[in-house]
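See structure below.
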Amino acid sequence: MLTEPTHKPFIPASESPAEFTLKAIITGSVFGVLFGAATVYLSLKAGLSVSASIPIAVLAISLGRRFLNTTILENNIIQTTGSAGESIASGVVFTMPGFLFLTDGIGTDFFNYWTILTLSILGGLVGVLMMIPLRRSLIVQEHGTLPYPEGTACASVLMAGERGGDFAKTAYQGLGVALLYAFLQKVLHVIAEVPVWATRQTNRYFPSAQVAGEITPEYLGVGYIIGFRISAVLVGGGILAWLGLIPLLASVVPGDTIALQLQKLGYLTDLQTAGGPGGWNPQTHTFSDTAAAIYRAYIRQIGAGAVTAGGFMTLLKTIPTIVSSFRQSFSGVGSGSTTSNRATTLARTEQDLSVRVVIIGSAILIALMVVLPQIPGDSVLTKLLIAVLVIVFGFFFVTVASRIVGLIGSSSSPVSGMTIATIMGTALVFIGFGLTGNLYEPAVLVVGSMICVAAANAGATSQDLKTGYLVGATPRYQQLALFIGVIVSSLVVGATVKILDTPTPDLVAQGITHAIGSDKFPAPQGTLMATLIKGLLSFNLDWQFVLVGAFTAFVFELVGVSALAFAVGLYLPLSTTLPIFAGGLVKAIVDWNAKRSGTVDEDPDLGKGNLFATGLVAGGALAGVAVALLSVNDTIFNSLAGLTLEPALTGVLGEGGYLLLGALAFVGLALLLGRVATKR
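Note that the sequence shown covers residues 795 to 1474 in the numbering used here.
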């Protein structure tokens, strides 16, 4: 029997400073919108996201002290409300683009603003609702065993800010540097966007090898935050693909065979039509970029198999934690619900929303899923099946996600593995009921999407509730703030996804109707989910490539390397993972230097390097969203194109000199990050 540990919050229960105020909710909602939009951009491009709670807490302290005169509990409500944006965006972007990649475009009609909005709100609400009865069991009773690292770090930020300190300055500096760099790169094109070194297809020993880097500030910042180990595993997958598999396939597979595979996948109309990935030339039977053609024809399917296997193995490794989490949390529901029903007699810091909110809310969610047209289904019974699966899987994986992030943190939570398990379970249930074929692919993805959003949001919610427990917040106010954050963030996340999906005139000229799924926004997880669903319900995969990826991931898991991180690197272009690795390398050098000089930070999350890197991520991603928004309008797109200095610089420096200038600018940014990180 778990006993409740003695705990003294920063703000005692006997005190009641301002907390759930309008200015806190509005400020938190604004941060949720900004970080939600930035996460959408970053996740679509790189398949990665970065926790928003700590940077929002840092910014809340700065704004609160200078302009809003907020209390520590109001700052906690700001970060609680705002953190929903990042988690909702992650869940949406990792799954819902999959609608675009289902068989014969059957899911395309579901990839609209109202469906994305509906699924993100419903999934987010499931994540918050299911955490209400679990808070006392997981956050309070297991305070000593579940550290919730991000939540604890966020509480440290808030308490340090209350005592004094200037955390936000470094984050703002990173934001400003990233915006300036992005302006030079994305608008003036002084800095090349993707420097490339490549060998020719005619090279006898190393044909169509390619090294490239999308040298943006957000990738550098992400690499620094996730550290050397993970970034090295990521880039390892890319090196295997672009310097190993692609040159090998380019040596042994004829151009016509590659073109036939692209035709089979829908990238080419036929072999007599020029174009497609890599630029097929039917006259010469060659590609202008063979590496790009092979990547689309073979590597992405190998990568999808690797990610599926990596996610599944990650899930298998956490089964003991899952079983323990489910058993202990379920046994704690009774005591949590009893105490929440007596909220008026409890201390302020122990008052949750009533368990009746969970029961009534779940019933309302089931009813909405049955009646809303955004939920696919050929009958009421099919839609009811979807609703029941969402609630059942939702409760299970919310419990799992909360306990896992309590142990290893949100950044390491295998949400993708849980989503894969959900999709596999849902597909098997559908098959058991005889609901097979292309028609039911969107329905399976709907369940997976909502559970992905719910699990991601549950992880963030757990961290927020841990923060509140440490600083002395009122749980029911946090839970209400999370409901608000889910709804407000969902309004903007869906709009951002649709805006980024709008093809620029350049893409339209290539016959591309969706920017998502193109090289601009690869959406790796969404493609994976669609690939998995099609394989389960329609059996139309090239299983030989998928199995190659699966066994490659298995080998790396056997030798002690994170198969999931490696698989994501195998799936993504090397141009994405290489600059992320550069950030991780900077982090490794900074850590080595700090250890050598004996100046290791007690809390790395609050170090200058992490804060500056957070600013780089936020600034670079927000600049990318802004440019994408402006590029939707043809007139503005053409005006921006007229500002480019690339032709002038290329004329003076030559093509190689221009690319070298960009690489040097990125090196300069990395050196600046390292210098800030080592400054005391």
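We treat Cβ as the ideally placed atom computed from N, Cα and C, and that holds for glycine.
None of these values were measured; they are calculated from a predicted model.
So the alpha helix (DSSP H) residue i belongs to, where does it begin and stop?
| i | result |
| --- | --- |
| W1337 | 1337 to 1352 |
| W1386 | 1368 to 1391 |
| R1023 | 1011 to 1034 |
| G1070 | That residue, G1070, is in no alpha helix (DSSP H); it is neither H nor E in DSSP. |
| K1460 | According to the sequence provided, residue 1460 is Phe. The question's Lys does not apply to it. From DSSP, the alpha helix (DSSP H) with F1460 extends over 1440 to 1472. |
| M924 | 907 to 925 |
| I805 | No alpha helix (DSSP H) holds I805; DSSP gives it neither H nor E. |
| F888 | 866 to 889 |
| I1052 | 1049 to 1058 |
| S1045 | 1040 to 1046 |
| V934 | Looking at the DSSP string, V934 is not in any alpha helix (DSSP H), and its letter there is neither H nor E. |
| T1255 | 1235 to 1265 |
| F1360 | 1357 to 1365 |
| D1300 | 1299 to 1303 |
| V981 | From DSSP, V981 is part of no alpha helix (DSSP H); its letter is neither H nor E. |
| T1140 | Here residue 1140 is Leu; the residue named in the question, Thr, does not match the sequence. Run containing L1140: none; DSSP gives neither H nor E here. |
| P849 | 847 to 857 |
Skipping 5 residues on each side, what residues in its chain have a beta carbon closer than 8 Å to that of residue i?
| i | result |
| --- | --- |
| V1192 | V920, G921, M924, M925, L928, A1248, A1249, A1252 |
| N1387 | T1472 |
| L1465 | none |
| T889 | T1213, L1239, G1242, S1243, C1246, V1247, Q1319, G1320, M1323 |
Quick one, which of the options has its alpha-carbon nearest residue i's?
| i | options | result |
| --- | --- | --- |
| L1326 | V1286, E1235, G1450, Q1338 | E1235 |
| L836 | P1076, T946, T897, A1317 | A1317 |
| F977 | G1418, W908, L1443, Q873 | G1418 |
| K1177 | M1212, V1199, V1238 | V1238 |
| G1343 | A1309, L1039, R1390, I910 | L1039 |
| T1078 | N906, T912, A1435, G1049 | G1049 |
| R1270 | R860, S1391, T874 | T874 |
| L1274 | K802, L816, H801 | L816 |
| D1300 | H801, A1435, A1157 | A1435 |
| H937 | L1259, L974, A1157 | L1259 |
| P811 | L1368, T1268, V1151 | T1268 |
| I900 | G1171, V1340, L1140, S1082 | G1171 |
| W1036 | T912, S1148, V990 | V990 |
| V1199 | G1450, G1219, T1255, Q1145 | T1255 |
| T1213 | N1432, G1311, A1086, G1242 | G1242 |
| T912 | A807, V1286, I819, Q1145 | V1286 |
| Q1338 | R930, G1030, I1093, G1069 | I1093 |
| P1076 | V1194, Y1089, A1098, A1053 | A1053 |
| A947 | S1148, I848, I1153 | I848 |
| L1175 | G1392, G1228, A854 | G1228 |
| V1047 | Q1004, E1012, A1091 | A1091 |
| S914 | V1194, L1424, F1190, G879 | G879 |
| F1431 | D1146, I1154, P1297, P1011 | P1297 |
| I882 | S856, G918, N870, A854 | G918 |
Let me check one thing: in DSSP terms, what residues is residue i bridge-paired to?
| i | result |
| --- | --- |
| G1329 | Per DSSP, none; premise fails for G1329. |
| T1080 | N1075 |
| I1169 | Looking at the DSSP assignment, I1169 forms no beta bridge with any residue, so it has no partner. |
| W991 | V1005 |
| G1288 | Note: G1288 sits in no beta bridge, so no partner. |
| I1310 | F1315 |
Under the criterion of a Cβ to heavy atom distance below 7 Å, does residue i qualify as lining the ligand GTP?
| i | result |
| --- | --- |
| W991 | Summarising the ligand content, the structure contains no ligands, and the ligand GTP is consequently not present. |
For the beta strand (DSSP E) that contains residue i, what are its first and last residues?
| i | result |
| --- | --- |
| A1006 | 1004 to 1006 |
Identify, in the order they occur along the chain, each residue of the same chain with its Cβ nearer than 6 Å to the Cβ of residue i, setting aside the five sequence neighbours on each side.
| i | result |
| --- | --- |
| T1290 | A831, V834 |
| T864 | G858 |
| G1032 | G1363, L1368, T1371 |
| T1346 | A1100 |
| E1440 | H983 |
| G1070 | L1056, Y1061, L1062 |
| T1321 | F895 |
Which residues in the same chain have their Cβ closer than 7 Å to the Cβ of residue i, if we skip the five residues on either side of it in sequence?
| i | result |
| --- | --- |
| I850 | F825, F829, I872, Q873, G876, S877 |
| R1142 | A807, S810, T1268 |
| Y942 | V1199, G1200, S1256, Q1257, K1260 |
| G1288 | Y907, I910, L911, S914 |
| G751 | For the chain, the structure presents residues 795 to 1474; residue 751 sits outside this window and is missing. |
Contact between the region 1095 to 1108 and the region 1064 to 1079 (3+ Cβ pairs under 8 Å): Short answer: they don't touch.
Segment contact flag, the region 1014 to 1031 with the region 1370 to 1380, C-beta cutoff 8 Å, min 3 pairs: Yes, since at least three Cβ pairs between the region 1014 to 1031 and the region 1370 to 1380 fall closer than 8 Å, the two stretches touch.
Inter-stretch contact (C-beta, 8 Å, three-pair minimum) for the region 1304 to 1321 and the region 1179 to 1188: The answer is no - the region 1179 to 1188 does not touch the region 1304 to 1321, with fewer than three Cβ pairs under 8 Å.
Stretch pair the region 968 to 984 + the region 890 to 905: three plus CB contacts closer than 8 Å: Short answer: they don't touch.
The region 995 to 1011 in contact with the region 1079 to 1092 per 3-pair CB rule at 8 Å: They touch, by the three-pair rule.
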